[in-house]
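What follows is one structure encoded as structure tokens, with my remarks underneath.
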Amino acid sequence: MSLSPIKLYTAPTPNGFKISVFLEVLGLEYDTQVIDISKNESKEDWFVKLNPNGRIPTIVDPNFKNAPTEQGLVLSQTGAILQYLADTYDKEHKHSYPFGSAEYYKTLEYLIFQVSENGPIQGQANHFIIYAKEKVPYGVDRYTNDTKRIYGVYEDILSRNKENGSKFLVGDRYTVADFALYGWAYRLARIDIDIHDWPLLGQWFDQLSKLPGVEKGLQVPPSK
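Residue numbering for the sequence shown follows full-length UniProt numbering, beginning at 1 and increasing consecutively.
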């Protein structure tokens, strides 16, 4: 059965990269609409009707059966989007685990850890270091240190997994837990943090960067 392209509303941000990279890795067809967040396009009425929070990324999947809207299933929040794509389109479990397995729930644990701690904390570090009009040393120090603490947690996870012969966050394959983290790890250099300061994370990052589809996903949307 042929599938219609998924519509991806996105911008060149860590959260946007999460979804475009995973779509590429899964080999799914999708159309991109760039949202200029610098011009507050994500707060315009037409977009807020899709996503009440007014944030990218958002997807519309016209292939969803019994969709609640004429366009299809509308989803925002990167954790929800990634899990949906894995559940719906990774039937061979190349980048996921069967529902109900221990690995499935471990993936969910680390996915939630990324979206609830890593993303927001690193996002605040980005704000205070890059975007704040007034430099606030307290904010810079607090969020930089906490960002480093969180990557230390990931290093510990990989260290524990290494004892069982794994180089992934969960089990024996890259999952949405890895792809969620990768979008933010890719942008660490912007706040002068080198992921190779954590040896296992550095290896993890370098290897994941070589996965087919990752580089292409990082070019979505294409730079001007």
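Each residue gets a CB set at the ideal place from its N, CA and C atoms; glycine is no exception. Being a predicted model, the structure only gives us computed values, none of them experimental.
Per-residue DSSP class, three states only, for residue i
i, result
"V136", "coil"
"K167", "coil"
"L211", "coil"
"K106", "helix"
"K216", "helix"
"I193", "coil"
"T144", "helix"
"L8", "strand"
"S96", "coil"
"W184", "helix"
Pick from the options that is closest to residue i, judged by C-alpha positions
i, options, result
"A11", "T78, N118, I150", "T78"
"T85", "L8, P221, P14, V34", "The question names Thr, but residue 85 in the sequence shown is Leu. Ranking the options by Cα distance to L85, first place goes to L8."
"Y156", "Y143, I129, V136, P199", "Before going further, note that residue 156 is Asp rather than Tyr in the sequence given. Among Y143, I129, V136, P199, the Cα nearest to that of D156 belongs to P199."
"D141", "I56, I129, I19", "I129"
"Q114", "Y151, P212, S20, D61", "Y151"
"W184", "D36, G119, T69, E109", "G119"
"T175", "L111, S38, V60, Q124", "L111"
"P222", "E29, S4, I35", "I35"
"L28", "S42, H127, P5", "P5"
"E117", "A177, S76, H196", "A177"
"S38", "Y131, L169, Y30, D90", "Y131"
"G72", "Y138, L169, L3", "L3"
Nearest-angstrom Cβ-Cβ length linking residue i and residue j, presumed shorter than 8 angstroms
i, j, result
"L218", "L158", "Wrong, their Cβ atoms sit about 22 angstroms apart, outside the cutoff."
"V220", "T32", "6 angstroms"
"I81", "I19", "6 angstroms"
"E24", "K216", "5 angstroms"
"V21", "V153", "At roughly 22 angstroms, the Cβ-Cβ gap does not stay under 8 angstroms, so V21 and V153 are not in contact."
Segment contact, 8 angstroms Cβ cut-off, at least three pairs: the stretch 197–206 with the stretch 88–104: No contact exists between the stretch 197–206 and the stretch 88–104.
Cβ pair count under 8 angstroms reaching 3, the stretch 88–98 against the stretch 42–58: Touching, no.
Whole runs of the beta strand (DSSP E) within the stretch 15–90, excluding any shorter than 3 residues: Qualifying beta strand (DSSP E) stretches, in chain order: 30–34, 58–61, 73–76.
Given 8 angstroms, three or more beta-carbon pairs between the stretch 187–198 and the stretch 131–148: At 8 angstroms Cβ cutoff, the stretches touch.
Touch test, the stretch 13–31 against the stretch 50–64, Cβ-Cβ under 8 angstroms, three pairs minimum: The stretch 13–31 makes contact with the stretch 50–64; the number of CB pairs closer than 8 angstroms reaches 3 or more.
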